[in-house]
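First the structure, in the form of structure tokens, and then the observations on it.
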Amino acid sequence: CDKQVLSFASKMSAFAMGPGLSRNSNTQRLIRSLVGKIQKPLVLDADGINAFEGIGNKLKKRKCQIVITPHPGEMSRLIGKKTEYIQKNRVSVAKKFSKEINGVVVLKGHKTVVAYKDMFYINESGNPGMATGGVGDILTGIIASLIGQGLDPFGAAKLGCYVHGLAGDLAVREKGEISLTATDILSYLPKVFKKL
35 CDKQVLSFAS
45 KMSAFAMGPG
55 LSRNSNTQRL
65 IRSLVGKIQK
75 PLVLDADGIN
85 AFEGIGNKLK
95 KRKCQIVITP
105 HPGEMSRLIG
115 KKTEYIQKNR
125 VSVAKKFSKE
135 INGVVVLKGH
145 KTVVAYKDMF
155 YINESGNPGM
165 ATGGVGDILT
175 GIIASLIGQG
185 LDPFGAAKLG
195 CYVHGLAGDL
205 AVREKGEISL
215 TATDILSYLP
225 KVFKKL
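For the numbering used here, add 34 to where a residue sits in the sequence shown, where the first one is 1.
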């Protein structure tokens with residue numbers, strides 16, 4: 035199976051992995067194997083991140099540029115620190131782990147932190163209504179798409195977070211925070227990109 039995925043990935047400009055996968059042990063082993071072999075820029079989210087629970091340092095053993103997009107709970111599992119600690123130290127945690135894996139870290143949440151080594155960006159767009167299923171998957175796709183269009187991973191992550199949050203802000207004006215869905219946010223992306 036990994037040969038088929040690697041063959042597919044070799045034809046892409048960028049690759050996203052994690053959303054919709056599972057925490058099944060065979061799937062998790064496959065993810066770890068693929069991360070070590072994929073040579074195209076990779077955006078890792080959700081169960082792609084969970085495959086490295088307790089062994090986050092192994093993310094540095096790879097051939098590709100990487101962007102990881104954990105929420106605080108996933109980051110907690112990666113680095114073995116309590117979620118409360120991560121929330122109180124969002125910038126320093128993201129920067130430290132970015133240096134450790136030599137990759138971009140997008141620590142999602144209120145004022146998402148995008149870090150690459152000593153550089154960081156705090157995203158101001160977005161709202162609490164975006165804390166719903168599937169919204170992070172959209173962010174993963176946006177970042178992978180921007181990398182595929184030629185942006186460097188750090189630039190793609192910064193722009194991706196801004197665009198994603200702005201789409202959420204436009205959607206919440208019409209739908210309200212309580213009923214906001216991932217599909218609502220997705221439907222506002224063309225309007226956001228048109229404004230750029």
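Ideal Cβ placement from N, Cα and C applies to all residues, glycine included.
Alpha-carbon spacing of residue i relative to residue j, whole angstroms
{"i": "I113", "j": "L173", "result": "22 Å"}
{"i": "L193", "j": "G184", "result": "13 Å"}
{"i": "T166", "j": "R96", "result": "31 Å"}
{"i": "A43", "j": "D36", "result": "10 Å"}
{"i": "P187", "j": "R207", "result": "30 Å"}
{"i": "E134", "j": "H105", "result": "18 Å"}
{"i": "F227", "j": "V147", "result": "21 Å"}
{"i": "L55", "j": "M153", "result": "31 Å"}
{"i": "T217", "j": "I72", "result": "30 Å"}
{"i": "K225", "j": "A201", "result": "8 Å"}
{"i": "M109", "j": "V127", "result": "9 Å"}
{"i": "V125", "j": "V138", "result": "13 Å"}
{"i": "L220", "j": "A178", "result": "15 Å"}
{"i": "S67", "j": "N60", "result": "11 Å"}
{"i": "L64", "j": "L76", "result": "15 Å"}
Residue i (DSSP reduced to helix, strand or coil)
{"i": "F86", "result": "coil"}
{"i": "M51", "result": "strand"}
{"i": "I156", "result": "strand"}
{"i": "A178", "result": "helix"}
{"i": "I135", "result": "helix"}
{"i": "A149", "result": "strand"}
{"i": "L185", "result": "coil"}
{"i": "L214", "result": "coil"}
{"i": "I72", "result": "coil"}
Assigned exposure category for residue i - 16 Cβ within 10 Å defines buried
{"i": "D136", "result": "Here residue 136 turns out to be Asn, not Asp, going by the sequence shown. Classification for N136: exposed."}
{"i": "P162", "result": "exposed"}
{"i": "T309", "result": "Here the chain covers residues 35 to 230 and nothing more, so residue 309 does not appear."}
{"i": "H213", "result": "Note on residue identity: the sequence assigns Ser, not His, to residue 213. Result: exposed."}
{"i": "H144", "result": "exposed"}
{"i": "S132", "result": "buried"}
{"i": "Y222", "result": "buried"}
{"i": "Y119", "result": "exposed"}
Interface flag, residue i vs chain C, CB-CB below 8 Å
{"i": "G167", "result": "Reference to chain C is not applicable here, since this structure consists of a single protein chain."}
CB-CB length for residue i against residue j, believed under 8 Å
{"i": "A149", "j": "K129", "result": "5 Å"}
{"i": "A191", "j": "V101", "result": "5 Å"}
task = Pick out the complete alpha helix (DSSP H) segments inside the stretch 102-128, 4 residues or longer, and give them in chain order.
result = 106-113 and 117-122
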